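Chemist:
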Amino acid sequence: MHPAAEHSPLGKSSEYISTYTPSLLFPIPRAAKWAELGLSAETLPYKGVDFWNCFELSWLLPSGKPVVAIGEFSIPADSPNIIESKSFKLYLNSLNQTAFADTASLEATLRTDLSAAAGKPVSVRIRSLAEIEAEGVMALPGVCIDELDISVSNYEHPRPELLRCDDSRTVEESVHSHLLKSNCPVTSQPDWGSVVVEYRGSALDHASLLEYLVSFRQHSDFHEQCVERIFLDLQRLLKPEKLTVYARYVRRGGLDINPYRSTEEVAFQNVRLARQ
């Protein structure tokens, strides 16, 4: 468990406060988890973002009439802190009985509070239900590897030694799997996700990738660190010209977390999958 997480509200009974309380936000430094992966703020081999989507966002108009909407929050992958998910939910719930002059005022408040907690500027978009409905759900790019016939016996820890590639061939491809599962390091509750690997490098053996992803099944870690671990293990194996790894996780408590990590400076798309 991350030592800071022990002091967070995650896994504990909490009073639900319905008036604006920014002090509910609980930042957790990324540095300790980076160190586990042999990284530091100065040596990150990727660029990226964590997209958070809130499906339980509500506040009051000056008239007292409530509004519901979808919140999209984009936290830089190199921010000093992640925001512990239950504290994020409690903070958002504290808006429920709080009046804001307009949507722009609420966005500005969210931007200020979340940026202070993350330690870097956080982008905020509040979107109507009609906008989200119009977009619908999307399919992941490339080849789905979930129907490959594999045998699995280890689910406790990620096993990068399972990964194989063909150094004699260079390919550019996108592959994905919906079989990613890990556990919350504090509550041990399951976290379900779909993961995408896009790269140009030595040809990755798809069956070995699936075996490797399934080995996360009983692993305990936060969403962000799971994606970073997958990125680093593939980077070491493939020595790619370019590599992007991202995961779209199923929501818990009205929030989903979607980490994106890439060697490239790209405009990441926050698209919703069928399970989201």
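With my numbering, letter number 44 in the sequence shown gets 49, and the count goes up by one each step, no holes.
Ideal Cβ placement from N, Cα and C applies to all residues, glycine included.
As the structure is a computational prediction, the values presented were derived from the model and not from experiment.
Given Gln102, which residues of its chain have a CB within under 7 Å of its CB, disregarding the five upstream and five downstream residues?
Modeler: Counting from 1 along the sequence shown, the entry for residue 102 is found at position 97. Hits under 7 Å: Ser23, Thr24 and Leu65.
Chemist: Determine the DSSP secondary structure at Ile150, reduced to helix, strand or coil.
Modeler: If you number the sequence shown from 1, residue 150 lands on position 145. Ile150: coil per DSSP, three-state reduction.
Chemist: Is the distance from the Cβ of Arg277 to the Cβ of Glu246 below 7 Å?
Modeler: Working through the sequence shown from its first residue, we reach residue 277 at position 272. Working through the sequence shown from its first residue, we reach residue 246 at position 241. No, the Cβ-Cβ distance between Arg277 and Glu246 is not below 7 Å.
Chemist: Less than 7 Å between the C-beta atoms of His224 and Ser199, yes or no?
Modeler: Within the sequence shown, the letter at position 219 stands for residue 224. Within the sequence shown, the letter at position 194 stands for residue 199. Contact: no.
Chemist: State yes or no: is the C-beta of Phe105 within less than 7 Å of the C-beta of Leu111?
Modeler: Residue mapping note: residue 105 aligns to position 100 of the sequence shown, counting from 1. Residue mapping note: residue 111 aligns to position 106 of the sequence shown, counting from 1. For Phe105 and Leu111, yes; Cβs fall inside 7 Å.
Chemist: By Cβ distance below 7 Å, which residues in the same chain neighbour Lys17 in space, the five residues on each side in sequence not counted?
Modeler: The count along the sequence shown starts at 1 and reaches residue 17 at position 12. No answer about Lys17 holds up, because its pLDDT of 49 lies below 50 and its placement is not dependable.
Chemist: Are at least three pairs of beta-carbons, each pair with one atom in the region 212-224 and one in the region 158-165, less than 8 Å apart?
Modeler: The region 212-224 vs the region 158-165: in contact.
Chemist: Where are the beta strand (DSSP E) runs, 3 residues long or more, that stay fully inside the region 135-221, in chain order?
Modeler: 170-188 and 195-209, all fully within the region 135-221.
Chemist: Are the CB atoms of Ser84 and Gly124 nearer to each other than 7 Å?
Modeler: Residue mapping note: residue 84 aligns to position 79 of the sequence shown, counting from 1. Residue mapping note: residue 124 aligns to position 119 of the sequence shown, counting from 1. In contact: Ser84 and Gly124 (Cβ atoms closer than 7 Å).
Chemist: For Asp172, I'd like the list of residues in its chain whose CB is within less than 8 Å of its CB, leaving aside the five on either flank, ordered along the chain.
Modeler: Sequence index remark: in the sequence shown, residue 172 carries index 167 (1-based). Once the five neighbours on either side are set aside, the close Cβ partners of Asp172 are Ser207.
Chemist: Any idea if Tyr21 is buried or exposed, counting beta-carbon neighbours within 10 angstroms, 16 or more meaning buried?
Modeler: Residue 21 sits at position 16 when you count from the first residue of the sequence shown. Tyr21 should be labelled exposed.
Chemist: Identify whether Leu49 lies in helix, strand or coil by the three-state DSSP scheme.
Modeler: Along the sequence shown, read from residue 1 onward, the residue named residue 49 stands at position 44. Three-state DSSP puts Leu49 in coil, outside helix and strand.
Chemist: I want to know whether the region 71-81 touches the region 33-50 - three or more CB-CB distances under 8 Å.
Modeler: Taking 8 Å as the limit for Cβ pairs, the verdict is that the region 33-50 does not touch the region 71-81.
Chemist: Arg234 by DSSP, collapsed to three states: which one?
Modeler: Taking the first residue of the sequence shown as position 1, residue 234 is located at position 229. If DSSP states are grouped into helix, strand and coil, Arg234 belongs with the helices.
Chemist: Excluding the five sequence neighbours on either side, which residues of its own chain have a C-beta within less than 7 Å of the C-beta of Glu270, listed in chain order?
Modeler: To locate residue 270, count along the sequence shown from 1; it is residue 265. Same-chain partners within the cutoff: Lys52.
Chemist: Would you kindly report the start and end of the unbroken beta strand (DSSP E) that includes Lys247?
Modeler: Here the question's residue 247 lines up with position 242 in the sequence shown. Unbroken beta strand (DSSP E) run through Lys247: Lys247 to Tyr254.
Chemist: Assign Pro32 to one of two classes, buried (16 or more other C-beta atoms within 10 Å of its C-beta) or exposed (fewer than that).
Modeler: Residue 32 sits at position 27 when you count from the first residue of the sequence shown. Burial call: buried.
Chemist: If you draw a straight line from the C-alpha of Pro71 to the C-alpha of Glu152, how long is it?
Modeler: Position 66 of the sequence shown, counting from 1, holds the residue named residue 71. Position 147 of the sequence shown, counting from 1, holds the residue named residue 152. Roughly 46 Å separates the two Cα atoms.
Chemist: In the structure shown, what three-state DSSP assignment does Ala74 receive?
Modeler: Here residue 74 refers to the residue found at position 69 when the sequence shown is read from its first residue. If DSSP states are grouped into helix, strand and coil, Ala74 belongs with the strands.
Chemist: Flag this pair as touching only if the region 251-267 and the region 227-238 have three or more C-beta atom pairs under 8 Å; answer yes or no.
Modeler: Verdict: yes, contact present.
Chemist: In chain order, what residues of the same chain lie with their CB nearer than 7 Å to the CB of Leu243, ignoring the 5 residues before and after it?
Modeler: Along the sequence shown, read from residue 1 onward, the residue named residue 243 stands at position 238. The residues are Cys170, Tyr204, Gly206, Ser207 and Leu209.
Chemist: Nearest to Ser63 by alpha carbon, out of Ser120, Asp118, Ser133 and Gly141?
Modeler: Here residue 63 is taken as the residue at index 58 of the sequence shown, counted from 1. Nearest option by C-alpha distance: Ser133.
Chemist: Name the residue from Ile87, Ile88 and Thr114 whose alpha carbon lies nearest to the alpha carbon of Leu100.
Modeler: Indexing the sequence shown from 1 puts residue 100 at position 95. Considering only alpha carbons, the answer is Thr114.
Chemist: Could you work out which residue in Leu167, Gly258 and Ala252 is closest to Leu145 when comparing CA atoms only?
Modeler: What you label residue 145 is simply residue 140 of the sequence shown in a count that begins at 1. Looking at the Cα atoms, Ala252 is the closest of the given residues.
Chemist: Cβ of Asp118 within 6 Å of any heavy atom in the ligand GTP?
Modeler: Because no ligand of any kind appears in the structure shown, any question about the ligand GTP cannot be addressed here.
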